[in-house]
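Inspection log for the structure reproduced underneath, given as structure tokens.
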Amino acid sequence: MGSALTTIGLPVALGIIMLGLGLSLTLADFARVLKQPKAVAVALACQLLLLPAICFGLVLLFQLPPVLAVGMMMLAASPGGTTANLYSHLFRGDIALNISLTAVNSVIAVITLPVITNFAIMYFNPFDDQLGLQWSKALEVFAIVLLPVAIGMLVRRLWPKFADGMDRPVRIASVVILIVVIAGAVASNWALLVENFASLALITIVFCLISLAVGYTVPRMLKIERRQAIASSFEIGIHNATLAIVIAQTVLGSVELSLPAAVYGVLMFFVAFGFGFLIRDRSSAPESAGALTS
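Residue 305, in my numbering, is where the sequence shown stops; the numbers in between run on with no holes.
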């Protein structure tokens, strides 16, 4: 896809989203990890180790074509999206844990996303020229993911009132720009999306359900309290599909690579919403409400 709408618009939209994340973060959000080491360690182990292995098994089971297989693995390697915080709020999860996990995941993804993507490219061999995420392209991932977050955090530290005031406008702007860009991308690649939707819908739904279930059941099995397990579930189950799309289209230059993330990015909202009703903590509404307002 060579249109300026996606080659320029998508990175800009993602940059604004990550800037908005930075405006909401402080160093205390990273330090909080030390106060909840077990919950964070379990969630990260599920996100970084278990999910890529599960996705690899699903890709082999569904016998996806090589390009789509790599796209699925890239999606599995993407960190949790900021939407996870909203779902955690709706279904009474530990939002502070979500924020910490999103912050840590975004940093770690700079390393893990290129590593997992390159493994998938080497295994499935979708490109004749063996194109992968070389060092220069990995630096692009770093710039796309971390620089806007760092700028947002710096703004918050230097001008906290300005950051608070900009938080809502930046969120609204990111959503509007993202909708416009994705709508344009879908329109210009409608035939390709329709052609592959049927083969991707089932595997993306199954992967989303497994991601959510793993994020909830593994922490609960390890005696982590319910609200933290709910937060973990959404953080692990709601991947940053926009990041995967941007890396696929602007860094690797392949529209087909972005199709799994595009399909997942639409379907995950409905899957996660339904799953939320199954796991929500109905017994702790007053406690949760107090936690959210503190």
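Glycine included, each C-beta is placed from N, C-alpha and C at the ideal position. Since the structure is predicted, the reported quantities are computational estimates derived from the model, not experimental observations.
With C-beta atoms as the reference, is residue i less than 8 Å away from residue j?
{"i": "A24", "j": "P63", "result": "no"}
{"i": "G91", "j": "T113", "result": "yes"}
{"i": "L278", "j": "A212", "result": "yes"}
{"i": "F41", "j": "V160", "result": "no"}
{"i": "T128", "j": "I28", "result": "no"}
{"i": "G226", "j": "G248", "result": "yes"}
{"i": "L32", "j": "G163", "result": "yes"}
{"i": "L79", "j": "E246", "result": "no"}
{"i": "F284", "j": "C66", "result": "no"}
{"i": "F102", "j": "I241", "result": "yes"}
{"i": "D178", "j": "L61", "result": "no"}
{"i": "F286", "j": "L233", "result": "no"}
{"i": "A56", "j": "M85", "result": "no"}
{"i": "I235", "j": "A50", "result": "yes"}
{"i": "L36", "j": "I110", "result": "yes"}
{"i": "P77", "j": "P171", "result": "no"}
Tell me the DSSP bridge mates of residue i?
{"i": "G91", "result": "H250"}
Any idea what DSSP makes of residue i, helix, strand or coil?
{"i": "G104", "result": "coil"}
{"i": "N136", "result": "coil"}
{"i": "G264", "result": "coil"}
{"i": "T312", "result": "As shown, the chain starts at 12 and ends at 305. That puts residue 312 outside it, with no answer to give."}
{"i": "I155", "result": "helix"}
{"i": "S305", "result": "A caution first: S305 carries a pLDDT of 33, below 50, which makes its placement in the model too unreliable to give a value."}
{"i": "Q47", "result": "coil"}
{"i": "L278", "result": "helix"}
{"i": "E206", "result": "helix"}
{"i": "L233", "result": "coil"}
{"i": "L306", "result": "An answer regarding residue 306 cannot be provided, because it is not within the stretch 12 to 305 covered by the chain."}
{"i": "R167", "result": "helix"}
{"i": "R291", "result": "coil"}
{"i": "Q141", "result": "Its pLDDT being 48, under 50, Q141 is placed unreliably by the model, and nothing is read from it."}
{"i": "E298", "result": "Only weak support exists for where E298 lies, its pLDDT of 42 falling under 50; the coordinates are left without a value."}
{"i": "F286", "result": "helix"}
{"i": "A174", "result": "helix"}
Assuming residue i and residue j make a contact with CB atoms under 8 Å, what is their CB distance in whole Å?
{"i": "Q47", "j": "L108", "result": "6 Å"}
{"i": "G82", "j": "S269", "result": "6 Å"}
{"i": "G104", "j": "R231", "result": "13 Å between Cβ atoms; not a contact."}
{"i": "P271", "j": "T228", "result": "So it is not a contact: roughly 24 Å between Cβ atoms."}
{"i": "A120", "j": "S89", "result": "7 Å"}
{"i": "I290", "j": "S244", "result": "6 Å"}
{"i": "R167", "j": "A174", "result": "4 Å"}
{"i": "L157", "j": "V118", "result": "7 Å"}
{"i": "T306", "j": "P22", "result": "Because residue 306 is not part of the residues shown, which for the chain are 12 to 305, the question remains open."}
{"i": "I320", "j": "A273", "result": "No answer is possible for residue 320: it lies beyond the span of the chain, which begins at 12 and ends at 305."}
query = Fully enclosed by the segment 61-87, which alpha helix (DSSP H) runs are 4 residues long or longer?
reply = 62-73
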